[in-house]
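Sequential numbering of the sequence shown, starting at 22, is according to our numbering. Glycine residues also receive a C-beta, built at the ideal position from the N, C-alpha and C atoms. In what follows, a structure is listed as structure tokens, so that the remarks can point back to it.
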Amino acid sequence: MSRRAVLWVAFVAVHVVVSVLGWVFPNEPMGDVYRVYEPWSSAYLNGGYATGWDGATGEAVRTWVGYVGLTETWVYPQLALLPMLAAWIFGWATTYTPAWAIMVTLVDAAAFAVLVGRGRSSGRTAAAWFWIAFLALTGPVALYRLDAVTVALGILGCLWLVGRPWLGATILAVATWIKVWPAALLAAGVLAVRRRLTVVAAAAAVSAVTLGVVVLAGGGARAFGFIGDQTGRGLQVESPVSTVYLWDVMLGGPSRVFYNTELLTFEVTGPFEAALVSAMTPVLAVAVFAVVLLGALKAWRGASFAALFPPLSLALVTVFIALNKVGSPQYMVWLIVPLVAGLVIDRRRWWPPAALALLIALATQIIYPLTYFDLLDAEPFPVVVITIRNALLVVLTVWAVVLLARVRPRRLVRPRVPVSAG
């Protein structure tokens with residue numbers, strides 16, 4: 022069996038196993054799919070009403086949901102609706118949740134095919150194995166979340182940024198309008214790609230078309246509602262900044278874990294929590310700006326795409342995770358894209374951070390879904406695991422920033438001065 026065939030067998034096996042584990046593992050790792058994606062998207066197909074079942078009577082009920090992103094303020098950018106609607110293509114054969122898994126697997130397969138190619142590149146092969154391993158170690162949350170689609174699109178966009186910058190930037194811009202985090206990849210691309218005006222123009226074109234459609238559909242007032250929704254959130258229990266509150270709860274302090282009924286997430290509260298919530302968004306913005314500034318300096322000094330893009334994109338992504346007051350487990354899959362880019366370019370140099378990311382993925386699955394309710398009760402084992410996971414995430418962030426700082430410009434070739442025969 023060829024190396025490429027082995028990769029595809031592993032790809033299919035991991036997707037099937039992880040999909041099934043979503044039905045086996047505790048704590049509803051597929052919950053977002055059938056609790057929010059399904060009603061949000063079905064409302065667009067049913068005049069604003071979501072169809073469900075009354076658990077007491079067993080009868081079908083219709084609930085007004087509206088049109089998220091248009092008539093209702095939404096936590097996601099408007100193009101997030103596209104994969105949610107796409108899953109219904111397979112709804113004729115099964116229910117929505119398996120249809121979502123099929124849709125994500127097909128999107129992953131398209132990106133995987135481009136990544137593997139003919140299977141002759143050692144760097145691409147290493148990157149493909151890393152992606153497969155990361156999915157297996159992260160578990161169901163790596164497939165049953167909107168982030169799965171943006172990861173596949175992110176890989177495609179990054180692979181095409183140099184040779185086809187218009188196409189690569191267009192895909193990254195679409196991914197950004199599905200979920201905001203690929204903006205970090207776009208920013209890195211603008212700085213690292215020589216044809217940066219093409220990258221900017223493609224991103225601007227996608228944004229203009231998206232906003233134009235939203236405005237024409239009557240959703241202009243809510244076009245950027247996802248920004249205000251995110252900045253107004255509290256400290257989610259899994260975020261790195263919340264770790265100290267979990268230890269306080271475990272040791273009997275005044276902090277506590279509670280359920281935010283509006284955002285459907287568990288958060289922490291305790292001493293100085295309000296001040297910390299207010300400070301985190303500016304701190305994140307300053308840190309991202311500092312990384313962009315450092316990347317711009319390296320680009321101005323002539324750093325190549327191969328040297329600059331992987332550490333810059335990884336630094337932006339890890340900073341966005343490590344300093345975010347929202348710490349959903351699916352955020353960890355964002356690490357896949359910059360590390361795949363690094364492995365494709367220089368697999369030997371990028372295996373150490375990739376291996377560190379695999380440990381982060383494993384710890385994430387232990388936390389969610391396997392021991393999640395124990396974490397909410399601040400039991401020692403999950404608190405220690407999430408502390409280690411968050412510490413590794415900080416280490417990876419520091420590693421990426423240091424590597425970015427060490428990026429050197431291209432060597433200047435000095436012209437030879439002819440020596441006169443005089």
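Beta-carbon proximity of residue i to residue j, cut-off 8 angstroms
{"i": "residue 107", "j": "residue 124", "result": "yes"}
{"i": "residue 181", "j": "residue 188", "result": "yes"}
{"i": "residue 97", "j": "residue 247", "result": "yes"}
{"i": "residue 28", "j": "residue 138", "result": "no"}
{"i": "residue 42", "j": "residue 161", "result": "yes"}
{"i": "residue 99", "j": "residue 235", "result": "yes"}
{"i": "residue 104", "j": "residue 192", "result": "no"}
{"i": "residue 190", "j": "residue 163", "result": "no"}
{"i": "residue 48", "j": "residue 350", "result": "no"}
{"i": "residue 70", "j": "residue 118", "result": "no"}
{"i": "residue 421", "j": "residue 336", "result": "yes"}
{"i": "residue 354", "j": "residue 308", "result": "no"}
{"i": "residue 156", "j": "residue 329", "result": "no"}
{"i": "residue 358", "j": "residue 172", "result": "yes"}
{"i": "residue 112", "j": "residue 120", "result": "yes"}
{"i": "residue 323", "j": "residue 430", "result": "yes"}
Nearest to residue i (by Cα), restricted to the options the options
{"i": "residue 378", "options": "322, 247, 217 and 342", "result": "342"}
{"i": "residue 201", "options": "301, 274 and 245", "result": "245"}
{"i": "residue 325", "options": "428, 279 and 113", "result": "428"}
{"i": "residue 344", "options": "423, 269 and 259", "result": "259"}
{"i": "residue 361", "options": "338, 331 and 380", "result": "331"}
{"i": "residue 366", "options": "86, 136 and 346", "result": "136"}
{"i": "residue 272", "options": "95, 399, 369 and 305", "result": "399"}
{"i": "residue 205", "options": "231, 176 and 50", "result": "176"}
{"i": "residue 382", "options": "142, 153 and 126", "result": "153"}
{"i": "residue 142", "options": "338, 393 and 368", "result": "368"}
Local Cβ density within 10 Å of residue i, reported as buried at 16 or more and exposed below that
{"i": "residue 434", "result": "Unreliable positioning characterises residue 434 in this predicted model, as indicated by a pLDDT of 41, which lies under 50. The coordinate reading is nonetheless provided below. Flag for residue 434 reads exposed."}
{"i": "residue 436", "result": "Reliability fails at residue 436, whose pLDDT of 46 lies under 50, so the model's placement of it is uncertain and the value that follows must be treated cautiously. So residue 436 counts as exposed."}
{"i": "residue 23", "result": "exposed"}
{"i": "residue 283", "result": "exposed"}
{"i": "residue 348", "result": "buried"}
{"i": "residue 197", "result": "buried"}
{"i": "residue 36", "result": "buried"}
{"i": "residue 115", "result": "exposed"}
{"i": "residue 423", "result": "exposed"}
{"i": "residue 438", "result": "Low per-residue confidence applies at residue 438: pLDDT is 47, beneath 50, and the placement is therefore not dependable, though the value from the model is reported in the following sentence. The residue is exposed, with fewer than 16 neighbouring Cβ atoms inside 10 Å."}
{"i": "residue 410", "result": "buried"}
{"i": "residue 33", "result": "exposed"}
{"i": "residue 371", "result": "buried"}
{"i": "residue 443", "result": "Because residue 443 carries a pLDDT of 35, less than 50, the predicted location of this residue cannot be relied on, and the following value inherits that uncertainty. Classification for residue 443: exposed."}
{"i": "residue 132", "result": "buried"}
Integer Cβ distance of residue i from residue j, believed to fall under 8 angstroms
{"i": "residue 298", "j": "residue 267", "result": "Actually they do not touch by this definition, with Cβ atoms about 16 angstroms apart."}
{"i": "residue 406", "j": "residue 387", "result": "5 angstroms"}
{"i": "residue 170", "j": "residue 214", "result": "Residue 170 to residue 214, Cβ: 23 angstroms. No contact."}
{"i": "residue 210", "j": "residue 220", "result": "5 angstroms"}
{"i": "residue 291", "j": "residue 275", "result": "6 angstroms"}
{"i": "residue 165", "j": "residue 53", "result": "7 angstroms"}
{"i": "residue 11", "j": "residue 375", "result": "There is no way to answer for residue 11, as the model of the chain reaches only from 22 to 443."}
{"i": "residue 61", "j": "residue 89", "result": "5 angstroms"}
{"i": "residue 364", "j": "residue 147", "result": "5 angstroms"}
{"i": "residue 207", "j": "residue 194", "result": "7 angstroms"}
{"i": "residue 278", "j": "residue 289", "result": "6 angstroms"}
Extent of the continuous beta strand (DSSP E) run through residue i
{"i": "residue 281", "result": "277-281"}
{"i": "residue 287", "result": "286-290"}
Residue i - containing alpha helix (DSSP H), residue span
{"i": "residue 8", "result": "Residue 8 lies beyond the range of the chain shown here (22 to 443); nothing can be said about it."}
{"i": "residue 411", "result": "401-426"}
{"i": "residue 346", "result": "Residue 346 -> no alpha helix (DSSP H), and no H or E assigned at all."}
{"i": "residue 25", "result": "24-45"}
{"i": "residue 319", "result": "294-321"}
{"i": "residue 186", "result": "186-197"}
{"i": "residue 107", "result": "102-107"}
{"i": "residue 142", "result": "Taken as a continuous stretch (DSSP letters only), residue 142 belongs to no alpha helix (DSSP H), as it is neither H nor E."}
{"i": "residue 209", "result": "204-213"}
{"i": "residue 166", "result": "Run containing residue 166: none; DSSP gives neither H nor E here."}
{"i": "residue 123", "result": "117-137"}
{"i": "residue 269", "result": "264-271"}
{"i": "residue 394", "result": "393-397"}
{"i": "residue 65", "result": "59-66"}
Test: residue i CB closer than 8 angstroms to a CB of chain C
{"i": "residue 57", "result": "Among the chains of the structure shown, chain C does not appear; only one protein chain is present."}
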